[in-house]
Amino acid sequence: MRIVLVGPPGAGKGTQAAYLAKILTIPHISTGDLFRANISQGTELGKTAKSYMDAGNLVPDEVTIAMARDRMAQPDAEKGFLLDGFPRNVSQAVALDEALKADGVKLDAVLDLEVPEDEVVKRIAGRRICRNDSAHVFHVTYSPPEQDGVCDVCGGELYQRNDDSEDTVRTRLEVYHTQTEPIIDHYRGQGLVVTISALGKVTDVTDRAMEALGSDRAASA
Ligand code: AMP
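For what it's worth, this note's numbering labels the leading residue of the sequence shown as 242, then goes sequentially.
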């Protein structure tokens, strides 16, 4: 399956993408994670991306599209993938359409995670992520780790993302509304959009997503 995941910051895209990719046995491709890996490795791409990310703005299309295409061309993505955080504006969506067309393949669905704005701000402000694996996500109030600052899953150090500060979150939300939301209409025109609520327990949201994608393999199975 070839799936695009859309939703505002804090909708739980990364968490859901990790579960869904595992259930569907397709790679989880997160452009945010790819940029963060480049930043920690100190690459030129990471240096370019960092200032945009820290301000909550989009990294320029040229570098983003090239990086995403490069990742999608890896052998593990031949049979399908789950894109998390890409495309993030209409020109990236058009570039993706063209790349898929050139490969003679199509998207199966665009999964739109819906969550009210006040919930988004609460979720992001308390979010803590494991340095070893960005799928290990905690929340200081909603799902605190057993030991402060330590990942329950692997013992890694938990940290707050630079761009999870309140000011940056506001910019990211504005960027989402003005630049990313229009891709939902773009894909609606292709009949690909399925919208689900991202509220509630993580496994319930995963079940909802699997049902919307037309698969009967429940998350809890
Ligand atoms: P995420 O981890 O998906 O929340 O992404 C974190 C940040 O990485 C975003 O706020 C952007 O600065 C940058 N980023 C991730 N994906 C993209 C994209 N497709 N286009 C431009 N910038 C992106």
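Just so it is clear, CB atoms sit at the ideal spot from N, CA and C, and this is done for glycine as well. Computed from a predicted structure; not experimentally measured.
Residue i CB to nearest heavy atom of ligand 1 below 7 Å
i: Y293; result: yes
i: T272; result: yes
i: P250; result: yes
i: V300; result: yes
i: F322; result: no
i: T256; result: no
i: F379; result: no
i: Q401; result: no
From the options, residue whose alpha carbon lies closest to that of residue i
i: G396; options: N403, R402, Q388; result: Q388
i: D405; options: E415, V362, I424; result: V362
i: G321; options: Q333, Q420, E303, D349; result: D349
i: P301; options: Q333, E452, A453; result: Q333
Distance between residue j and residue i (C-alpha atoms, nearest Å)
i: K254; j: N330; result: 16 Å
i: P249; j: G345; result: 30 Å
i: G390; j: M313; result: 34 Å
i: K288; j: D393; result: 31 Å
i: R458; j: E415; result: Its pLDDT being 48, under 50, R458 is placed unreliably by the model, and the measurement read from it follows with that caveat. Roughly 35 Å separates the two Cα atoms.
i: T412; j: N298; result: 7 Å
i: K342; j: P385; result: 44 Å
Three-way DSSP call (helix, strand, coil) for residue i in this model
i: L354; result: strand
i: R458; result: Only weak support is given to the placement of R458: the predicted model assigns it a pLDDT of 48, under 50, and the value that follows is read from those uncertain coordinates. Three-state result, R458: coil.
Span of the beta strand (DSSP E) around residue i
i: L246; result: 243 to 247
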